[in-house]
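Read the structure below first, then the notes.
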Amino acid sequence: MSIDLETAARVATLARIRVEDEALPALADEFNAILGFIEQLSEVDVDGVDPMTSVTPMRLKRREDVVTDGQMPERVLSNAPDAREGFFAVPKVVE
Amino acid sequence: MPELNTLTIAEARDLLRAGKVTSVELTQTCLKQATGARALGAFVHDSSDLALEQAKAADVRLQGGEETPAMCGIPLGIKDLFCTRGVPGQAGSRILEGFRPEYESTVTRNLFDDGAVMLGKLNMDEFAMGSSNETSVYGNAVNPWRRSGDDTPLTPGGSSGGSASAVAADLCLAATGTDTGGSIRQPAAFTGITGLKPTYGRCSRWGIVAFASSLDQAGPMTKSVRDAAIMLGAMCGHDPKDSTSADLPVPDFEALLTGDIRGKVIGIPREYRMEGMPAEIETLWADGTAMLRDAGAEIRDIALPHTRYALPAYYVIAPAEASSNLARYDGVRYGHRAHLEQGDGITEMYEKTRAEGFGDEVKRRVMVGTYVLSAGFYDAYYNRARKVRTLIKRDFEQVFADGVDAILTPATPSAAFPLGMQSDDPVQMYLNDVFTVTVNLAGLPGISVPAGLDAQGLPLGLQLIGRPWEEGDLLNTAHALERAAGFVAKPDKWW
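Going down the list, the protein sequences come from chains A and B. Numbering-wise, my numbering puts 91 at position 87 of the first sequence, and it's gapless, one number per residue. Numbering-wise, my numbering puts 496 at position 96 of the second sequence, and it's gapless, one number per residue.
Right, dumping it as structure tokens:
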């Protein structure tokens, strides 16, 4: 499977990482090198094998659905690049 | 009395409990060593004020009547990947510049509740992605070991390069590391120390910056197997805040170090004999095998047929999980936010923030991960890799079911290499993990024990892989190997 520039650009968009046009060919090459390496997996006979979900078999634990944390907005906001009036402030999201 | 910073945890514990040394003395000695060792690039955030507070509190506890935990008063370095309340944590990345965690990771909480002391945060590859500690925002960590007659700076390995360097140079008595594909075991082997990755689920991942959630595990990096046993006991245990943390009792690992491995079956997997493997590594492996045989173990040739697919499977699964885990670094709630131009909206903020904040290797892996999870490729790559992972784990299950107690392999395909040597080809760097990734994929405990020096005077390690949850047994076999190998060499101080 070979990666062309269009695919590389699409992946960068999906990953929300800006990649300048000049950098796309190098990125596509890197992808191709890594995917070339991964290609060996197609040699394996995986018929009837379940994909692994949990490396150590375990049952998800449950707890009572009650509030046990919170009430600390200053701590939650303390690392924010832009916090205003108890909210995280970001550029406009909705058109 | 030897230099206080050169003590092991076990030695320091005995001296502390006997009142022959104080935690403040230990801590001050280590801090002084660390200050003089900037050339190693090991410590990246200082927490000396906190350290002295913790040391004083530990001394009060030690002087009281109660029996103190083993780690009480012991000065440690903490890998930058752990969230430590009030002390900066950046995971080696620009994207978390300025981040000061408002909470403590469970593992460090456990250590500090036991009275351990945090000297500072240690260098690492960005987001734990790397095998040489060359991708850190803080600059490279440097191996305290050098080749005979050669002052070329060498890598301490990665991603826990700072941890390995600090322990090997006696800047702290031990350090925490994390291991996703070998990031504890490989640097331990490169620096001549002991590194243990426990069974997946043994240590809580809560408060540790996530890289690959089904592979990450915290573990001790120490000067001896006994120390690893002691420190693991303090670090691990069930945590309700980590749903993947095992609800199993924690045995007294140190008490299981009898040194007696008579009748234990040690598997030697033929698929780990790689093409082009350096003769020195082959010899070390054969020597290690002989040592275990001489100690009374039964040696058995075994097959782990899917070994060669472990690296490619890992390089699908780990980036895929990373692309999901690193989606949170978007400039909204913490860390770096890009400067925005007029008209830039939320998407531009995400794209620029992440482009500026992530280093090249991280971007590469996040994007590879995004690709293998994307529509049309999910089945061909991600699902297939997970099926191969099932087969890899099954190989181990089969071997353990056949009566094997532990598996002996080399830890790395070479000794520590020069910094800057492997920068161009990402795949070449990945090959450093060839002996270690299988263990993370199968969720098993693995330990690297220093076993010898190569022709240039650099340490080489051997890896033992154990049964799930049997860290005690694994540590005991490692203890026997350590004793037989008799590795006592230390790097010559040049820093």
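Glycine is no exception: its CB is placed at the ideal position from the N, C-alpha and C atoms. Just so we're clear, the structure is a prediction, and the values are computed from it rather than from any experiment.
- Apart from the 5 residues on each side of it in sequence, ASP730/B sits with its Cβ closer than 6 Å to the Cβ of TYR750 in its chain, given in chain order.
- In terms of Cβ geometry, ALA720/B and LEU791/B do not form a close pair [threshold 7 Å].
- Spatial neighbours of ARG764/B in its own chain (CB-CB distance under 7 Å, excluding positions within 5 residues in sequence) are listed in chain order as PRO826.
- Listed along chain A are VAL15, LEU18 and ALA19, each with a C-beta nearer than 7 Å to that of THR770/B.
- Two segments are said to touch when three or more pairs of C-beta atoms, one from each, lie closer than 8 Å; by this definition the region 552-566 of chain B touches the region 435-444 of chain B.
- The beta carbon of ALA470/B is closer than 6 Å to those of ARG413 and ILE630 in its chain, skipping five residues each way along the sequence.
- If one requires a minimum length of 4 residues, the alpha helix (DSSP H) runs lying completely within the region 577-637 of chain B are 585-591 and 625-635, in chain order.
- Cα atoms of ARG546/B and TYR538/B: separation of roughly 22 Å, rounded to the nearest angstrom.
- Under a criterion of Cβ atoms nearer than 7 Å, no residue of chain A is adjacent to GLY637/B; the nearest Cβ is some 15 Å distant.
- Identification of residues in the region 502-535 of chain B having a C-beta nearer than 7 Å to some C-beta of chain A yields GLU502, given in sequence order.
- Straight through space, the alpha carbons of PHE887/B and LEU554/B are spaced by roughly 20 Å.
- When the Cα atoms are used, MET677/B and ILE807/B turn out to be separated by approximately 19 Å.
- Taking 8 Å as the upper bound for CB-CB distance, GLY735/B and LEU496/B are in contact here, some 4 Å apart.
- Using a Cβ-Cβ cut-off of 7 Å, ASN783/B counts as an interface residue toward chain A, since at least one Cβ of chain A sits closer than that to its own.
- DSSP, reduced to helix, strand and coil, places GLN742/B outside both helices and strands of the structure shown, so it counts as coil.
- Counted as a single uninterrupted DSSP element, the alpha helix (DSSP H) harbouring PHE41/A occupies residues 28-42.
- In the three-state scheme derived from DSSP, where H, G and I count as helix and E and B as strand, GLY688/B is classed as helix.
- For PHE92/A, the C-beta contacts it makes with chain B under 8 Å involve VAL732 and ARG733, in order along the chain.
- By the C-beta criterion, the region 637-651 of chain B is judged not to be in contact with the region 478-489 of chain B, since fewer than 3 inter-stretch pairs fall below 8 Å.
- At least one CB of chain A lies nearer than 7 Å to the CB of MET749/B.
- Contact annotation: in the region 406-419 of chain B, no residue has its CB less than 7 Å from a CB in chain A.
- The residue from TYR709/B, VAL732/B, ASN510/B and PRO587/B with its alpha-carbon nearest to that of ASP639/B is ASN510/B.
- A residue is called buried once 16 or more other Cβ atoms fall within 10 Å of its Cβ, and SER531/B is buried on that count.
- Looking from the CA of LEU519/B, the closest CA among ASP854/B, LEU415/B, ASP570/B and TYR782/B belongs to ASP570/B.
- Under the Cβ distance rule, LEU45/A counts among the residues neighbouring chain B, one pair being separated by less than 7 Å.
- Residue pairing by DSSP places ARG88/A opposite PHE91/A in a beta bridge.
- In the DSSP annotation of this structure, LEU481/B is not part of any alpha helix (DSSP H), being labelled neither H nor E.
- Interface with chain B (7 Å Cβ-Cβ cutoff): VAL71/A is excluded.
- A contact between stretches requires three or more CB pairs, one per stretch, nearer than 8 Å, and the region 652-671 of chain B meets this requirement with the region 869-888 of chain B.
- Within the region 802-859 of chain B, the complete beta strand (DSSP E) segments at least 3 residues long are 806-810 and 846-853, listed from N- to C-terminus.
- Pairing VAL59/A with GLY577/B, the inter-Cα distance amounts to about 21 Å.
- In this chain, the beta strand (DSSP E) harbouring LEU519/B covers 517-522.
- Counting only runs that start and end inside the region 775-802 of chain B, the alpha helix (DSSP H) elements of at least 4 residues fall at 784-801.
- A residue is called buried once 16 or more other Cβ atoms fall within 10 Å of its Cβ, and GLU411/B is buried on that count.
- Within 9 Å of the CB of SER6/A, no CB atom of chain B is found; the nearest one sits about 12 Å away.
- Shown here, GLU698/B sits in a strand according to DSSP, grouped into three states.
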